[in-house]
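Colleague: Take this structure first; my questions come after.
Numbering (our numbering), first residue to last: -1 to 137.
Okay, structure coming up:
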């Protein structure tokens, strides 16, 4: 493998790792931190607040890291890195931007994120419908 291809594979693997940790590692770590702040009496609003704050911070940090990995992948692949502009802030003549995006296609990092989200939805649905049990109880 050439150096550029190896770098792109490593960045795609890092993106896969970060993406999976957004929906698995971050919630588990937030729950663990919240459990460490819960007292011996059990659940408290402080522990719930800690879980929420830690989860928000972790997801924001992992999303920022994923954005940086995507930018590095684009540079390594020789893709044109354009400024991200919200749809409502775009010019009415944004056809040129669409043509550039269509010519470049989807990056590997974007494909990794789509596959990861699809897998997360599939796993959640299988768990919910087949393994979670009835919330109404057995009676």
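A virtual CB, placed ideally from N, CA and C, is assigned to each residue, including glycine.
Hey, residue 63 and residue 24: beta-carbon distance below 8 Å or not?
Modeller: No; because the gap between Cβ atoms is not below 8 Å, this pair is not in contact.
Colleague: Considering Cα atoms alone, identify which of 21, 0, 8 and 67 is closest to residue 114.
Modeller: 21
Colleague: Count the other C-beta atoms from every protein chain shown that fall within 10 angstroms of the C-beta of residue 55, then say buried if there are 16 or more, exposed otherwise.
Modeller: Flag for residue 55 reads exposed.
Colleague: Tell me whether the beta-carbon of residue 107 lies closer than 8 Å to the beta-carbon of residue 45.
Modeller: The answer is no: Cβ separation not under 8 Å.
Colleague: Which residues bound the alpha helix (DSSP H) around residue 63?
Modeller: Element bounds for residue 63: 43 to 75.
Colleague: Residues in its own chain within less than 6 Å of residue 33 by CB, not counting five upstream and five downstream?
Modeller: none
Colleague: If I follow the unbroken alpha helix (DSSP H) through residue 32, where does it start and stop?
Modeller: 23 to 35
Colleague: Which term fits residue 17, buried or exposed, when burial requires 16 or more other beta carbons within 10 angstroms of its beta carbon?
Modeller: buried
Colleague: Among the residues of its own chain, which have a CB less than 8 Å from the CB of residue 31, if the five just before and after it don't count?
Modeller: 48, 49 and 52
Colleague: Give the secondary structure of residue 1 by DSSP, where H, G and I count as helix, E and B as strand, and everything else as coil.
Modeller: helix
Colleague: Could you tell me the distance, in whole angstroms, from the CA atom of residue 6 to the CA atom of residue 69?
Modeller: 11 Å
Colleague: What does DSSP give as the partner residues of residue 103 in its beta bridges?
Modeller: Note: residue 103 sits in no beta bridge, so no partner.
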